[in-house]
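Chemist: The structure that follows is given in the form of structure tokens.
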Amino acid sequence: MVQSLGYLKESASQTAGPYVHIGLTPNFAEIPGVYPVDLGTTMVNEKTRGERITITGHVIDGSGTPLRDALIEIWQADASGLYNSPSETRGSADPHFTGWGRCPCDLSTGEYLFETIKPGRVPFNDGRLMAPHISFWIVARGINLGLNTRLYFGDEEAANAEDPILARIEHKVRVPTLIAQRDGSTYHFDIHLQGEKETVFFDI
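Under numbering that gives the first Met the number 0, the first residue of the sequence shown is numbered 0, with each subsequent residue one higher.
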């Protein structure tokens, strides 16, 4: 007699709601004592190698309104193109760079801001070098699953032109939605959830 395997059904999806801030950035949510400082707040210190940059922008909904309750995480390589990860086998990443940051958007303006360094180039899975980039993960009320996208740098035209990921985007008119523009040491990168300027998101 064949016994039923009794597979469990998938739980109903939930939006992030207000709990994302309580769980991930308790100090920001005015809940002290969980962490001395919210995790991911600081990515660099005085010994970090590489060019210091600031990344700022907004998460914008389909009506053109910045979201004030979004939370963003970023992952990136160090200035030499190495990741601060146990799976990094190409060398030793900068021990003074976390490679990961977390930032809630300002509750009044919706602006996010990261103080980081410009990453080096890393190889694609076939060995070709990708352009310098930073991976973004976005959650907010009304988003059932976190959204994944990338930031590329507007002053890296040659590297961007040969990037294997950008080359796979079928509608080239959408490539600019992944390009951050530079002003001094600051790169501005708005993430559009819907509409004419909708950012390219990745299914990963």
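C-beta atoms are modelled at their ideal positions from N, C-alpha and C, and glycine is treated no differently.
Please state the DSSP three-state secondary structure of R173.
Modeler: R173: helix per DSSP, three-state reduction.
Chemist: Could you check where the beta strand (DSSP E) with A179 kicks off and where it finishes?
Modeler: 178 to 182
Chemist: How big is the Cα-Cα spacing for K46 and G109?
Modeler: 31 Å
Chemist: Just verifying my parser: in three-state terms, what is the DSSP assignment at P122?
Modeler: strand
Chemist: So, N26 versus V36, is the Cβ gap smaller than 8 Å?
Modeler: yes
Chemist: Which of the three DSSP states is assigned to Y186 in this structure?
Modeler: strand
Chemist: Just verifying my parser: in three-state terms, what is the DSSP assignment at N147?
Modeler: strand
Chemist: Label P122 either buried or exposed according to how many other C-beta atoms from any shown protein chain fall within 10 Å of its C-beta, with 16 as the threshold for buried.
Modeler: exposed
Chemist: Could you name the residues of the same chain whose beta carbon sits closer than 8 Å to that of L70, not counting the 5 residues immediately before and after it, in chain order?
Modeler: A15, V19, H20, L23, T24, R101, C102, P103, C104, I137, V138, A139
Chemist: Out of R181, K196, R173, which has the shortest C-alpha to C-alpha gap to I54?
Modeler: R181
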